[in-house]
Amino acid sequence: MANTYSQIYLHFVFAVKHRGNLINRKHKEELHKYITSLVHARNAKMLAVHCMPDHLHLFVGFRPDIHISNFVKDIKSKTNVFINAKKWVRGKFNWQEGFGVFSYSHSHIDNVVKYILNQEDHHRKVTFQEEYREFLEKFEVPFEPRFIFESIDG
1 MANTYSQIYL
11 HFVFAVKHRG
21 NLINRKHKEE
31 LHKYITSLVH
41 ARNAKMLAVH
51 CMPDHLHLFV
61 GFRPDIHISN
71 FVKDIKSKTN
81 VFINAKKWVR
91 GKFNWQEGFG
101 VFSYSHSHID
111 NVVKYILNQE
121 DHHRKVTFQE
131 EYREFLEKFE
141 VPFEPRFIFE
151 SIDG
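Take the sequence shown: its letter number 94 is residue 94 in full-length UniProt numbering, and every next letter is one higher.
Pasting the structure below:
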């Protein structure tokens with residue numbers, strides 16, 4: 001894409017299926033490295049990643065030729081296979097269907113990176129469901145509350 005210039009910064013959020021607490025702290029660093037390799041393989045720039053036990057935050061410098069849904073599908077499906085091959089959970093690991101994606105300007109990069117890397121402290125005060133609802137409200141995204149607060153797949 002010669003002569004195409006862009007600044008696209010996307011913050012992705014998605015949950016473990018049924019919002020299970022399945023991402024163990026001892027595996028986070030390895031999972032972060034794997035996700036970073038997937039992001040780079042898609043020609044995107046990793047800005048920050050952080051896995052909590054029940055959800056993931058991913059902040060990426062995006063190119064205009066990358067299809068958002070395909071990007072997320074690829075990250076989710078490959079991490080499902082990775083986690084299941086490692087046998088990090090009993091049974092089968094899966095991400096919940098759907099995701100949140102929020103765009104930021106260049107001037108917000110540092111704050112978003114700090115926010116994502118500070119997830120441990122943040123979630124001592126706020127649940128994932130509360131955090132996710134705050135994002136949706138802040139970005140004025142219409143949503144169905146039952147999908148935020150129920151532990152259902154959908």
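Each residue gets a CB set at the ideal place from its N, CA and C atoms; glycine is no exception.
In the three-state reduction of the DSSP assignment, TYR104 falls in the strand class, which pools E and B.
Burial state of ASP121 is exposed, judged by a 10 Å Cβ sphere holding fewer than 16 other Cβ atoms. Around the beta carbon of ARG19, 16 or more other beta carbons sit within 10 angstroms, so the residue counts as buried. Following the DSSP letters along the chain, one finds LEU10 inside the beta strand (DSSP E) bounded by residues 8–15.
Under DSSP, ALA48 takes part in a beta bridge, and its partners are PHE59.
Under the 10 Å beta carbon count, GLU137 is surrounded by fewer than 16 other beta carbons and is classified as exposed.
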